[in-house]
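Undergrad: Have a look at this one before I ask anything.
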Amino acid sequence: DVVLELDGLSGPRLPHQAKLALRRGEILGIAGLVGAGRTELLRSIFGLDAVKSGRVRVAAGWDSGRPPWERLAQGVGLLSEDRKEEGLALGLSITDNLTLSKPIARFGVISRAAHARATATAGDQLAIRYRDGQQAVGELSGGNQQKVALARLLHHDIDVFLFDEPTRGIDVASKAEIYRLMGQLAQRGKSILFVSSYLPELLGVCDAIAVMSRGKLGDTRPASQWTEHSLLEAATAGARG
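Right under this line is the structure:
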């Protein structure tokens, strides 16, 4: 089943007339040079950037753009490439970062015990290294901060994940944990749109890959039909034109 579809999606500057179909249980990679429009594509889908023209279909309904809170309600979540400025509130606790956008309440009263359990569950699931749930996220390593940002999307029970450079600037062990999680999510029927500048991880993790060049998104092809050389060639062809 197609869970996310783009039909001629354009932003104020980037992307240009993007077409794409993401299927249930699929990890679809987006390759391209920095500045090609990959981040703008995800931000337009999620509603952080305006949609100038074109349509987005989530589940059964087409629209011409929705704000982030409506996308979250539709089961679409974004993991920003800038976790310190957009992905996390560094001065707040791990528990607050995890639950602030979706608190657990009973009869209108927030349950601290339920929040503590949610934090413990996320910590175990993602192997987050932390002292306790009240520790400030800013005190964690980059890899553990990224895991908290991921845990927030899992807490929302997201169906369509928009990952923008999720392994940039983190240690090898944390990268391995994120790759493992992506595989588990896909096996559970979740879908991932995965932007990365690191070609080996796109080739190793994704089911299919499309290349963006100068704001234009190319056709999707199975990952087995790409090589690092062909991805780089496709990414730079438009830049030379």
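Going by my numbering, the first residue of the sequence shown is number 13, and it counts up by one from there.
We put the beta carbon where it would ideally sit given N, CA and C, even for glycine.
How would you call residue 78, buried or exposed, if buried means at least 16 neighbouring beta carbons within 10 angstroms?
TA: Flag for residue 78 reads buried.
Undergrad: Out of 89, 233 and 217, point me to the one whose CA is closest to residue 224's CA.
TA: Taking only the C-alpha atoms, the option nearest residue 224 is 233.
Undergrad: Does the Cβ of residue 93 have 16 or more other Cβ atoms within 10 Å, making it buried, or fewer, making it exposed?
TA: Buried, because 16 or more other Cβ atoms sit within 10 Å of the Cβ of residue 93.
Undergrad: Give the straight-line distance between the Cα atoms of residue 227 and residue 113, rounded to the nearest whole angstrom.
TA: Going from the Cα of residue 227 to the Cα of residue 113 covers about 31 Å.
Undergrad: DSSP three-state label for residue 166, please.
TA: Looking at residue 166 - three-state DSSP - the assignment turns out to be helix.
Undergrad: Looking at the structure shown, is residue 186 part of a helix, part of a strand, or coil, going by DSSP?
TA: Helix at residue 186.
Undergrad: Taking only the alpha-carbon atoms, compute the straight-line gap between residue 90 and residue 178 and give it to the nearest angstrom.
TA: Rounded to whole angstroms, residue 90 to residue 178 spans 10 Å at the Cα level.
Undergrad: Drop a sphere of 10 angstroms on the beta-carbon of residue 2, count the other beta-carbons inside from all chains shown, and report buried for 16 or more, exposed for fewer.
TA: In the structure as shown, the chain starts at 13 and stops at 253, and residue 2 therefore has no counterpart that could be examined.
Undergrad: In or out: residue 76 buried (at least 16 other Cβ within 10 Å) or exposed?
TA: So residue 76 ends up on the exposed side.
Undergrad: Where DSSP assigns a beta bridge to residue 74, which residues make up the other side?
TA: Answer is 69.
Undergrad: Considering only heavy atoms of the ligand SAH, does any lie closer than 7 Å to the CB of residue 81?
TA: With respect to small molecules bound, the structure shown includes none, and the ligand SAH cannot be examined in it.
Undergrad: For a minimum of 4 consecutive residues, which ranges assigned as the alpha helix (DSSP H) are wholly contained in the region 83-125?
TA: Fully enclosed alpha helix (DSSP H) runs of 4 or longer: 106-111.
Undergrad: Classify residue 65: buried if its beta carbon has 16 or more other beta carbons within 10 angstroms, exposed otherwise.
TA: Label assigned to residue 65: exposed.
Undergrad: Which residues does DSSP list as the beta-bridge partners of residue 20?
TA: None, per the DSSP bridge assignment.
Undergrad: Can you tell me whether DSSP reads residue 34 as helix, strand or coil?
TA: Strand, per DSSP.
Undergrad: At what residue ranges does the region 176-237 contain a whole run of the alpha helix (DSSP H), taking only runs of 4 or more?
TA: Listed in chain order, they are 184-199 and 211-217.
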